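In what follows, a single structure is set out as structure tokens and then discussed.
There are 2 protein chains.
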Amino acid sequence: MSERSPEALLAEALGGSRGALARLLTFVESGGRQQLATAELAYAAPAPYVVGLTGPPGGGKSTLTDRLIAATLRRGQVGDETFAQVGVLCVDPSSPYSGGAILGDRIRMQDHATDDRVYIRSMATRGHLGGLSLAVPDAIRVLGAAGFPFLFVETVGVGQMEVEIASAADTTVVVTVPGWGDSMQASKAGLLEVADLFVINKADRPGVKETRRDLEQMLSLGPDRPWRPMIVETCATNDEGTEELFAAIDAHRRYLDDEPLAESRRQRTRAALDRVVGEVLRARVAELARGRAYDEQIDALLACKTDPYRAAETLLLES
Amino acid sequence: MSERSPEALLAEALGGSRGALARLLTFVESGGRQQLATAELAYAAPAPYVVGLTGPPGGGKSTLTDRLIAATLRRGQVGDETFAQVGVLCVDPSSPYSGGAILGDRIRMQDHATDDRVYIRSMATRGHLGGLSLAVPDAIRVLGAAGFPFLFVETVGVGQMEVEIASAADTTVVVTVPGWGDSMQASKAGLLEVADLFVINKADRPGVKETRRDLEQMLSLGPDRPWRPMIVETCATNDEGTEELFAAIDAHRRYLDDEPLAESRRQRTRAALDRVVGEVLRARVAELARGRAYDEQIDALLACKTDPYRAAETLLLES
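Chains A and B, in that order, are what the protein sequence lines are. First residue of the first sequence? That's 0 in numbering that gives the first Met the number 0, and the numbers climb one at a time after it. First residue of the second sequence? That's 0 in numbering that gives the first Met the number 0, and the numbers climb one at a time after it.
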């Protein structure tokens, strides 16, 4: 049985085949020739609108995303765009599992796992961590090309990678809980910079007022930005505040509809291209380093017959 | 007045001119054309033997280095090699000062600042941090070419960078203090891997026995290595244990004189070449990213006329 081409799979995915869609997403996760062919197709379609959710573990992001999926389907519209289905990427750089079967379908977001208007996919690191920061943007475009104009991307964990992935979204939601101001000193700065919206989830717990005050104070100390991040209180387990959060997302989407979206997208496109160029070069160096010419330059260095700068130039000219 | 060439400066440095030596070290710190010409000269001479000292701040590394300088001059020999002078590089990635005037000559290692058998140079970050991991190896080779076959390289701080720099030494000494086992959990693993010798400095304080036991336990849990790191107790402020430490360094040097030195040097030469190749490529990407062709590819991406992988290939072919 011959492997279907990315073109054939994309046509099937657009026709509603979740299996074909999963196959395409596996292509962009695993690299190789099919990855490049899939990327070529995926980037030929307009980018979808992406809401990123990030924040410390234990903040209830999954439940909140679950509520947002329901709200999205109820409304069927964000900004001026309508849609009948919603895609979700769950990104966990610390997990070796991917493909959606383990985290995505079974444990998380159970309310929607069997809803055919919802497509949930888990993405996890495959071997090397750097891969996800390329694979997630590609997966976003695959979903966009496959008929999902609106996506949620939820990241698990609060490392550099997670923040980087979430902040590649059009609207970045940072999910906090009461008392967050005290505990997350180390990563606060990074999250503050990328947030378009703050959520104080689990707002039935004490300390909401203090956390809001802390966030407002930190925002007032930061640089002036044309969009001032909104702060929304939610209690996802009781579905409280979901409509307010959705309204805030909608407000940010409408704000982006004007000029800023173009500039913001341009900046993010530049950052994405930087990453791919860096990755292509890293791959080239890794290949170089395995070759005989590299060993010869090391011999020359040990024999004091060259210096590392001339050795590098020689290797890069030959490659 | 025309600038003297690196060749002329090296001849003066070999004749004893500290000013000429300082100029050469500034060349390798600051990049540019003179850096390449200086590196070419420096790497044409054999590499000096380097003892690296690293470890958490407050461990008394500077005082210990001071004592080791005195011991080195008293002995005048390490392994089978004799020498009449000793060079010291103090590396502080967190400090904006360099050139030796501020840290090196005035505050640190005051016993030897006026001894003409000793040359002390401070190196600090100039603008970007990545620079030091290239500049320090180059400075080591400059000192080697200028008549210093034996060097100490002391790093201040315990970051990734400091460990990387110290572990590029032939003999890496990790300086700890009693109670270290408790406080430095986070960076212990990295330091354990690079250590050829452990020093428990300030050994007049309580907790020496426990710290030694902790270190021995950690070593016994680690991978089997042909050289088992020695543990030496010192009290640098009273010059106690210095001879024992020097003897341990000497023992490691003699161990390296056999086969392992060749393999260890080869590995470190490979790592150094990897870094330079990576740096040359990064510089190339940065230059690319400033160009008009890069903006054109971003335009094409925004118009869905290419994908990041094809864009990267196009840019790299043209560069």
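Even glycine gets a Cβ: it sits at the ideal position worked out from N, Cα and C. Note that the structure is predicted; figures quoted are calculated from it, not measured.
CB-CB length for residue i against residue j, believed under 8 Å
i: B/V231; j: B/A250; result: Contact doesn't hold; Cβ gap of about 10 Å is too wide.
i: B/G58; j: B/A168; result: In fact, because the Cβ distance is near 17 Å, the residues do not count as touching under 8 Å.
i: B/Y118; j: B/R17; result: 6 Å
i: A/T233; j: A/L63; result: 6 Å
i: B/Q296; j: A/L272; result: 6 Å
i: A/D137; j: A/V27; result: 4 Å
i: B/L88; j: B/R120; result: 6 Å
i: B/M160; j: B/L190; result: Incorrect: roughly 13 Å between the Cβ atoms, too far for contact.
i: A/G143; j: A/P45; result: 7 Å
i: A/V174; j: A/K60; result: 5 Å
i: B/M47; j: B/I139; result: The question names Met, but residue 47 of chain B is Pro in the sequence shown. Right, the Cβ-Cβ distance comes to about 6 Å (below 8 Å), so this counts as a contact.
i: A/T83; j: B/Y308; result: One detail in the question is off: residue 83 of chain A reads as Ala in this sequence, not Thr. Contact flag wrong, Cβ pair sits at about 31 Å.
i: A/V276; j: B/L214; result: Their Cβ separation, rounded to whole angstroms, is 44 Å, which puts A/V276 and B/L214 out of contact at 8 Å.
Proximity to residue i [Cα-Cα], best of the options
i: A/R291; options: B/G51, B/L280, B/R269 and B/L88; result: B/R269
i: A/G86; options: A/D114, A/E262 and A/E163; result: A/D114
i: A/D203; options: A/A235, A/G221, A/A302 and A/T53; result: A/A235
i: A/E320; options: A/G31, A/L131 and A/L67; result: With chain A running from 0 to 318 in the structure shown, residue 320 of chain A is simply not present.
i: A/F197; options: A/I119, A/T53 and A/V27; result: A/T53
i: A/K383; options: B/P177, B/Y42, B/D65 and B/A10; result: Nothing in the structure corresponds to residue 383 of chain A, since chain A is present only between 0 and 318.
i: A/D79; options: A/A261, A/V90 and A/F149; result: A/F149
i: A/V193; options: A/G221, A/G277 and A/D65; result: A/G221
i: A/D294; options: B/R265, B/D213, B/A10 and B/V279; result: B/R265
i: A/A145; options: A/A21, A/K208 and A/E2; result: A/A21
i: A/E2; options: A/A19, A/G15 and A/G14; result: A/A19
i: B/I199; options: B/G15, B/P55 and B/L8; result: B/P55
i: A/P228; options: A/T170, A/Y308 and A/A44; result: A/T170
i: B/N237; options: B/D65, B/G143 and B/L314; result: B/D65
i: B/E209; options: B/K201, B/G178 and B/M217; result: B/G178
i: A/V135; options: A/R211, A/L24, A/E262 and A/K60; result: A/L24
i: A/I133; options: B/A311, B/V77, B/L316 and B/E317; result: Looking at the sequence shown, residue 133 of chain A is not Ile but Leu. The candidate whose alpha carbon is nearest that of A/L133 is B/A311.
i: B/V49; options: B/A285, B/S263, B/L316 and B/L300; result: B/S263
i: B/L13; options: B/S29, B/L40, B/A36 and B/Q33; result: B/L40
i: B/E163; options: B/R274, B/A38 and B/G31; result: B/R274
i: A/G319; options: A/L8, A/A69, A/T37 and A/L9; result: It is not possible to answer for residue 319 of chain A, since the shown part of chain A is limited to 0 through 318.
i: A/A282; options: A/A123, A/G31 and A/G15; result: A/G31
i: B/G158; options: B/D91, B/R212 and B/R224; result: B/D91
i: B/V339; options: B/Q34, B/L255, B/L214 and B/E11; result: One cannot answer for residue 339 of chain B here, as it falls past the ends of chain B, which runs 0 to 318.
i: B/P225; options: B/S29, B/D195 and B/V207; result: B/D195
i: B/E11; options: B/A302, B/R74, B/V141 and B/L316; result: B/V141
i: B/F147; options: B/T81, B/T154 and B/R212; result: B/T81
i: A/A261; options: B/L316, B/Q34, B/L8 and B/L301; result: B/L301
i: B/G75; options: B/S219, B/F245 and B/A123; result: B/F245
i: A/R252; options: A/L218, A/R289, A/A299 and A/V172; result: A/V172
i: B/D306; options: A/V284, A/L35, A/R212 and A/D223; result: A/L35
i: A/V176; options: A/K201, A/T154 and A/A165; result: A/K201
Proximal residues of chain B, C-beta to C-beta of residue i below 7 Å
i: A/Y308; result: L35, A38 and V275
Closer than 7 Å at the beta carbon, the chain A residues around residue i
i: B/A43; result: C303
i: B/A288; result: D273
Bridge partners - residue i, DSSP secondary structure assignment
i: A/Q76; result: A/T81
i: B/S121; result: B/C89
i: A/T53; result: A/V173
i: A/Y48; result: A/F149
Contacts that residue i makes with chain A (C-beta to C-beta distance below 8 Å)
i: B/T268; result: I297, L300 and L301
i: B/V279; result: Y308, A311, E312 and L315
i: B/R264; result: L301
Cross-chain neighbours of residue i in chain A, by beta carbon under 9 Å
i: B/A271; result: L300 and P307
Residue i: contacting residues in chain B (beta-carbon distance under 9 Å)
i: A/V284; result: D273, V276, G277 and L280
In chain order, what are the residue ranges of uninterrupted beta strand (DSSP E) at least 3 long that sit wholly in the region 144-206 of chain A? As for any beta strand (DSSP E) of minimum length 3 sitting wholly inside the region 144-206 of chain A, the runs are 149-154, 170-175 and 196-199, ordered along the chain.
Which full runs of the beta strand (DSSP E) of 3+ residues lie inside the region 211-299 of chain A, going along the chain? Here the runs fully enclosed are 229-232.
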